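Q: Each residue of the sequence shown is one higher than the one before, counting from 545 in the numbering used here. All C-beta atoms in this analysis are idealised placements derived from N, C-alpha and C, irrespective of residue type, glycine included. A quick note: this is a predicted structure, and the numbers were derived from the prediction, not measured. Below is a structure I'd like to ask you about.
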Amino acid sequence: MTLRYTAGFAVLPLAVAALLLAAPSVAPAAEGRTYYVSPRGNDEATGLSVENAFATIARAAAVADAGDTVNILPGIYVGRIRPARGGTAEAPIVYRRHGDGEVVVTTSKETDGGKWEERFALKLGAGCNWTVIDGLTFRDAEGWIYIGDYAHHNTVRRCTFQRCRMYHGIYVNSGSFNTIADCKFLEAIPYPAGWTADDPEPALADYISIWRDSHYNLVQGNEFHEISHVGVCIMGHDPEFIASHNVVRGNTFHEPKWKCLSFHGAEHTLVEDNTMTGLAASFIQFHASRTIVRRNLFTRSRAVRSKPHPTYFHGVLWLKSGVNEYGSLDLAQHSRIYHNTFYDCQVPLTYRSVTGLVPVCNNVFKNNLFHTFTTPLRLPMPFYKNFTTQQANPFTGNLLFGGPEDGKVFELMADGAAEGRRMALAEAVAESPAMCRRQLFDGNLEADPQLTDPAGGDFRPRPGSPCIDAAMPLTRTRFAGQGTRVVVEDALYFCDGFGLIPGDRVQIAGQPAATVTAVDYDTGTLTVDRALSWPQGAAVHLAHHGKAPDIGAVEAAGQ
């Protein structure tokens, strides 16, 4: 079973990024040297053969230059690594495991402390760009990797991370175009002995923190296990920064216990094709704007506490607007949440707004599948005097099945309220025009989605499923036209790949799919890779089989 469109989104980014991500190893430039490091080596040696290997990775990092490869033999390497320089687009520096067995990078507790960015086992700071870290194991270090001070185009891939002793495991601090791919995150700071799920939030450590002036970073294909705070945190942190155009895709989160993803002071984040399952405070702490959340599988979510708070944590998606502890605005606004599957989730949606002056608004929930949920979907509805239609949160084209026994599938909540008004779907449809000044509940279905084997992990709709070909258009064309520039009513559904992955494949007016090469969110203009023609009001979908996409994250069997 595969998520929808995954094959169409294989990692084929810019030529250099493809070189860094796709191949099992990155070939050095023709003139580059190959160095060797071995536990049995000698830092006074040349490092140019296994027999003359260096003893420490730090020694190799001091001499490696653009185009060089550092082959590291299995063993345990104690000490911090501070590369003297980076590579180039044409000639990256590669540090990689050489031979069978683990290459373990660790630091001694005796060296803990000091300046924050110096506490990591590996630091890629200013000037350390175009560096590849391949196949290493970071274990029992104070911190694992620091990428900061505007370091860019670095790749960490196929590495394993287990136990650290500080809040950030991997810390991207004002860095851009960096990639963390195909890694395993086993454990950060272990939970305290005797900690129970009803104790306060542990806030022990994040696996990956992407903070401050950080943009165009890619987190892809990683495997996350028990999380002692957040799996991936993207945060502007300081009021002057907004972290933007970052991508989190194709990752799996197993029994996270706390939070898989957390976004604060961020915008234009793409979250797609991830799988999250098990006990959690929340799968996504969603305090950011202009985020695309699509084609994710959210399964078997259970609240970490025995008594879930109705509006705080404990939702697959937890939306919140307010002022954070750093003085920045967290605005859960203008996001597009579509084509996801929520299966057997205790609390699929919840939200909190500290004040009606900072509303959770203009987020659209469309073409999602909600299958088996025990609490109502908590949707923010700003019921205050300055209400406008742009401050609503439309819920359209979704399929609901197996909700609360009383049929009250929604709890519509005013900003700042601890409780809302529970409603059945029919009640919400009937009252929306008066309550919200427009219809916010178009095209939703209550029906058995007839999935192939959801209990066994196969979420494809079977033949005859009401999900098949039933998705509503994401948006429509604003004007009739022809060419490669298409003006649409709402461009926030789409992504041009941010220079990291291919742009969206879209179908307009039933024509063959075209690739989005640029999005102008201000004018609502999509630029595509080939000429099209379309009438005014033409349906715009992502690429699909059949007459229209299916509802949910996964296409029907046989498609």
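Quick check on the DSSP output: the beta strand (DSSP E) that includes Ile786 runs from which residue to which?
A: What you label residue 786 is simply residue 242 of the sequence shown in a count that begins at 1. Unbroken run through Ile786: none, as it is neither H nor E.
Q: Suppose the cutoff is 6 Å on Cβ atoms and the five residues either side in sequence are ignored; what does the same chain contact list for His1091 look like?
A: Along the sequence shown, one-based indexing puts residue 1091 at 547. One detail in the question is off: residue 1091 reads as Lys in this sequence, not His. For Lys1091, where only same-chain residues beyond five positions count, the Cβ hits under 6 Å are Asp1013.
Q: With H, G and I counted as helix, E and B as strand and the rest as coil, what does DSSP make of Ser753?
A: Looking up residue 753 in the sequence shown gives position 209. Reduced to three states, the DSSP call for Ser753 is strand.
Q: Which same chain residues, not among the five before or five after Arg844, have their C-beta less than 8 Å away from its C-beta?
A: Along the sequence shown, read from residue 1 onward, the residue named residue 844 stands at position 300. Correct list, in chain order: Thr821, Gly822, Tyr887, Asp888, Cys889.
Q: Please check the pair Trp674 and Thr723, which I expect to be a contact at CB under 8 Å, by giving their CB distance rounded to whole angstroms.
A: In the sequence shown, residue 674 corresponds to position 130, counting from 1. In the sequence shown, residue 723 corresponds to position 179, counting from 1. That pair is no contact at about 11 Å.
Q: Please state if the CB of Arg707 and the CB of Ala732 are separated by a distance shorter than 9 Å.
A: Looking up residue 732 in the sequence shown gives position 188. Looking up residue 707 in the sequence shown gives position 163. Their beta carbons are under 9 Å apart, which means Ala732 touches Arg707 by this criterion.
Q: Which residue marks the beginning of the beta strand (DSSP E) containing Cys980, and which one marks its end?
A: Position 436 of the sequence shown, counted from the start, is the residue given in the question as residue 980. Element bounds for Cys980: not the beta strand (DSSP E) but the alpha helix (DSSP H), 969–980.
Q: Going straight from the alpha carbon of Thr613 to that of Ile754, what length do you get?
A: Within the sequence shown, the letter at position 69 stands for residue 613. Within the sequence shown, the letter at position 210 stands for residue 754. Thr613 and Ile754: Cα-Cα distance of roughly 27 Å.
Q: Could you please give the first and the last residue of the uninterrupted alpha helix (DSSP H) stretch that includes Ile601?
A: The residue given as residue 601 occupies position 57 in the sequence shown. Segment 601–607, the alpha helix (DSSP H) holding Ile601.
Q: How about Thr1021 and Pro1079: are their beta carbons less than 9 Å apart?
A: Translated into the one-based positions of the sequence shown, residue 1021 becomes position 477. Translated into the one-based positions of the sequence shown, residue 1079 becomes position 535. Contact flag set, yes.
Q: Where does Ala825 sit, in a helix, a strand or coil, going by DSSP?
A: The residue labelled residue 825 in the question sits at position 281 within the sequence shown. Coil, per DSSP.
Q: Which term fits Pro920, buried or exposed, when burial requires 16 or more other beta carbons within 10 angstroms of its beta carbon?
A: As a working note, residue 920 is residue 376 in the sequence shown. By the 10 Å Cβ count, Pro920 comes out buried.
Q: For the stretch 802–811 and the stretch 828–840, state whether three or more C-beta atom pairs, one from each stretch, are separated by less than 8 Å.
A: Short answer: they touch.
Q: For the beta strand (DSSP E) containing Cys708, name the first residue and the last one.
A: Translated into the one-based positions of the sequence shown, residue 708 becomes position 164. Start and end: 704–708.
Q: Going by beta carbon distance, what residues of the same chain come within less than 8 Å of Ala1075, once the five residues before and after it are set aside?
A: Position 531 of the sequence shown, counted from the first residue, corresponds to residue 1075. These residues qualify, in order along the chain: Gln1026, Gly1027, Thr1028.
Q: Mind checking who Trp862 pairs with in its DSSP beta bridge?
A: Residue 862 sits at position 318 when you count from the first residue of the sequence shown. Partner(s): Gln829, Thr894.
Q: Buried or exposed, going by whether 16 or more other CB atoms sit within 10 Å of the CB of Val792?
A: Counted from its first residue, the sequence shown places residue 792 at position 248. By the neighbour-count rule (16 or more Cβ atoms within 10 Å), Val792 is buried.
Q: Measure the C-alpha to C-alpha separation of Val594 and Gly619 and round it to an integer number of angstroms.
A: On the sequence shown, residue 594 is found 50 positions in, with the first residue counted as 1. On the sequence shown, residue 619 is found 75 positions in, with the first residue counted as 1. When rounded, the distance between both Cα atoms is 14 Å.
Q: State the start and end residues of the unbroken beta strand (DSSP E) segment that holds Glu575.
A: Position 31 of the sequence shown holds residue 575. That residue, Glu575, is in no beta strand (DSSP E); it is neither H nor E in DSSP.
Q: Sorted by chain position, which residues of the same chain lie with C-beta nearer than 6 Å to Asn818's C-beta, five sequence neighbours on each side aside?
A: Taking the first residue of the sequence shown as position 1, residue 818 is located at position 274. Answer for Asn818: Asn795, Asn840, listed in chain order.
Q: State yes or no: is the C-beta of Ala972 within less than 9 Å of the C-beta of Leu989?
A: Counted from its first residue, the sequence shown places residue 972 at position 428. Counted from its first residue, the sequence shown places residue 989 at position 445. Not closer than 9 Å, so no.
Q: CA-CA distance, Tyr715 and Val776?
A: By 1-based counting over the sequence shown, the position of residue 715 is 171. By 1-based counting over the sequence shown, the position of residue 776 is 232. When rounded, the distance between both Cα atoms is 10 Å.
Q: My output table needs one value for Arg834: the three-state DSSP class, helix, strand or coil.
A: Against the sequence shown, residue 834 aligns to sequence position 290. Note: Arg834 maps to coil in three-state DSSP.
Q: In chain order, what are the residue ranges of uninterrupted beta strand (DSSP E) at least 3 long that sit wholly in the stretch 1054–1098?
A: Segments of the beta strand (DSSP E) lying fully in the stretch 1054–1098: 1058–1064, 1069–1078, 1083–1086.
Q: Use the C-beta contact count for Leu592: other C-beta atoms within 10 angstroms, 16 or more gives buried, fewer gives exposed.
A: The residue you call residue 592 lines up with position 48 of the sequence shown. Exposed is the call here.
Q: Is it right to say Phe1023 is buried, meaning 16 or more other beta carbons lie within 10 angstroms of its own, or is it exposed?
A: Mapped onto the sequence shown, residue 1023 falls at position 479. So Phe1023 ends up on the exposed side.
Q: Would the beta-carbon of Gly1096 fall within 9 Å of that of Phe985?
A: To locate residue 1096, count along the sequence shown from 1; it is residue 552. To locate residue 985, count along the sequence shown from 1; it is residue 441. No.
Q: What three-state label does DSSP hand Phe931 in the structure shown?
A: The residue you call residue 931 lines up with position 387 of the sequence shown. The pLDDT assigned to Phe931 is 47, lower than 50, so where the model puts this residue is not dependable, and the model offers no usable value.
Q: Contact check, Leu943 vs Cys1011 under 8 Å by CB: the rounded distance?
A: As a position in the sequence shown, residue 943 is number 399, starting the count at 1. As a position in the sequence shown, residue 1011 is number 467, starting the count at 1. Indeed they touch by this definition, with Cβ atoms about 6 Å apart.
Q: For Gly623, tell me which candidate among Leu617, Thr940, Arg603, Arg641 has the shortest Cα-Cα distance.
A: Taking the first residue of the sequence shown as 1, we reach residue 623 at position 79. For the residues Leu617, Thr940, Arg603, Arg641, the minimum Cα distance to Gly623 belongs to Arg603.
Q: Starting from Met957 and walking both ways along the beta strand (DSSP E), at which residues does that stretch end?
A: The count along the sequence shown starts at 1 and reaches residue 957 at position 413. Met957 -> beta strand (DSSP E) spans 954–957.
Q: So, under 8 Å CB-CB, Lys728 and Thr704 are touching, yes? Tell me the CB distance rounded to an integer number of Å.
A: For the purposes of this step, residue 728 is taken as residue 184 along the sequence shown, with counting starting at 1. For the purposes of this step, residue 704 is taken as residue 160 along the sequence shown, with counting starting at 1. Confirmed, about 5 Å.
Q: Just curious, the beta strand (DSSP E) that Ala847 is in, first and last residue?
A: By one-based count along the sequence shown, residue 847 stands at place 303. Looking at the DSSP string, the run of the beta strand (DSSP E) that includes Ala847 is 841–847.
Q: If you compare alpha carbons, which of Ser758, Ala787, Ala608, Leu748 is closest to Val774?
A: Position 230 of the sequence shown, counted from the start, is the residue given in the question as residue 774. Cα-wise, what sits closest to Val774 is Leu748.
Q: Measure how close the beta-carbons of Arg640 and Asp678 come, nearest whole angstrom, since I'm counting them as under 8 Å.
A: Walking along the sequence shown from the start, residue 640 turns up at place 96. Walking along the sequence shown from the start, residue 678 turns up at place 134. 4 Å between Cβ atoms; contact.
Q: Residues in its own chain within less than 6 Å of Glu686 by CB, not counting five upstream and five downstream?
A: To locate residue 686, count along the sequence shown from 1; it is residue 142. If we look at Glu686 and ignore the five residues flanking it on each side, its Cβ neighbours are Thr651, Asp656, Arg663, Arg709, Met710.
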